[in-house]
């Protein structure tokens, strides 16, 4: 309860206390109306299934998902869990200009820190801005339990929240961010982080992952 109050107060200071703004539900446990396959016109039913109110990946047929709509200033909220050794990601500001979504979109890492090798490096651990910024604290739930995520983007300032704690923040497209990009795997990717607005995405080809309660609102 205390962490929830802290989150709400911080959100109040960051975006103002306009909590009546309409949420856009991307997945409500039944309908996938707000999502489609990356570079596809429809939902990839061979790659994702709805089971017990969750959206579960079928990684052997892996297709990444993106939102139907494009977002610039937003608050995204969802829950995730992974299998042992599982790996996925939550993308934002994505475009469809390249073969893979991660060639353009920053990613909040979704990971089993204990059994996946990426968990050994803080910049690729759960909650990180993948390969760029590490979380200030490691507070993931045990494998098989759901983790609560909030990602806030407002006036190019981005915050990653995990399980009620703000674990990192940065200024999107700032000189400081580009310095980090120049030292990362993204340095030679011409479309990476170039869009001021874009799709929300979910990675579906790196192991079994479950998402639920996916919603977003414009700020």
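Numbering (my numbering), first residue to last: 12 to 230.
By construction, the Cβ of each residue, glycine as well, lies at the ideal position given by its N, Cα and C atoms.
On a predicted model such as this, the values are computed, not experimentally measured, just so you know.
Close-in-space but distant-in-sequence residues of the same chain around residue i (CB under 6 Å, 5 per side omitted)
{"i": "residue 6", "result": "Nothing can be reported for residue 6, as the shown portion of the chain is limited to 12 through 230."}
{"i": "residue 126", "result": "95, 96"}
{"i": "residue 177", "result": "170"}
Same chain, Cβ closer than 8 Å to residue i, neighbours up to 5 away in sequence not counted
{"i": "residue 124", "result": "130, 136, 137, 149, 151"}
{"i": "residue 72", "result": "55, 57, 58"}
{"i": "residue 156", "result": "92"}
Buried versus exposed, by CB contacts within 10 Å (16 or more), residue i
{"i": "residue 214", "result": "buried"}
{"i": "residue 33", "result": "exposed"}
{"i": "residue 185", "result": "exposed"}
{"i": "residue 172", "result": "buried"}
{"i": "residue 29", "result": "For residue 29, the predicted structure reports a pLDDT of 48, less than 50, and the residue's modelled location is therefore unreliable. The matter cannot be settled from this model."}
{"i": "residue 205", "result": "exposed"}
{"i": "residue 57", "result": "exposed"}
{"i": "residue 146", "result": "buried"}
{"i": "residue 189", "result": "exposed"}
Sub-8 Å separation of residue i and residue j beta-carbons
{"i": "residue 210", "j": "residue 77", "result": "yes"}
{"i": "residue 183", "j": "residue 208", "result": "no"}
{"i": "residue 64", "j": "residue 226", "result": "no"}
{"i": "residue 140", "j": "residue 117", "result": "yes"}
{"i": "residue 219", "j": "residue 115", "result": "no"}
{"i": "residue 229", "j": "residue 85", "result": "yes"}
{"i": "residue 187", "j": "residue 169", "result": "no"}
{"i": "residue 53", "j": "residue 47", "result": "yes"}
{"i": "residue 143", "j": "residue 134", "result": "yes"}
{"i": "residue 60", "j": "residue 45", "result": "no"}
{"i": "residue 66", "j": "residue 93", "result": "no"}
{"i": "residue 119", "j": "residue 162", "result": "yes"}
{"i": "residue 203", "j": "residue 192", "result": "yes"}
Span of the alpha helix (DSSP H) around residue i
{"i": "residue 191", "result": "186–193"}
Residues near residue i by beta carbon distance below 7 Å, same chain, minus five either side
{"i": "residue 217", "result": "70, 98, 99"}
{"i": "residue 83", "result": "207, 208"}
{"i": "residue 200", "result": "114"}
{"i": "residue 109", "result": "115, 202"}
Three-state secondary structure (DSSP) of residue i
{"i": "residue 131", "result": "helix"}
{"i": "residue 83", "result": "coil"}
{"i": "residue 34", "result": "coil"}
{"i": "residue 118", "result": "strand"}
{"i": "residue 150", "result": "coil"}
{"i": "residue 112", "result": "helix"}
{"i": "residue 90", "result": "strand"}
{"i": "residue 72", "result": "helix"}
{"i": "residue 99", "result": "strand"}
{"i": "residue 42", "result": "coil"}
{"i": "residue 212", "result": "strand"}
{"i": "residue 170", "result": "strand"}
{"i": "residue 58", "result": "coil"}
{"i": "residue 104", "result": "strand"}
{"i": "residue 78", "result": "strand"}
{"i": "residue 143", "result": "coil"}
First through last residue of the beta strand (DSSP E) which encompasses residue i
{"i": "residue 10", "result": "Outside the shown range of the chain, which is 12 to 230, sits residue 10, and nothing can be said about it."}
{"i": "residue 225", "result": "220–229"}
{"i": "residue 217", "result": "Here residue 217 belongs to no beta strand (DSSP E), and DSSP marks it neither H nor E."}
{"i": "residue 68", "result": "65–68"}
{"i": "residue 158", "result": "158–165"}
{"i": "residue 181", "result": "176–182"}
Residue i: CB within 7 Å of a non-hydrogen atom of the ligand PLP
{"i": "residue 204", "result": "Questions concerning the ligand PLP fall outside what the structure shown contains, since it holds no ligand whatsoever."}
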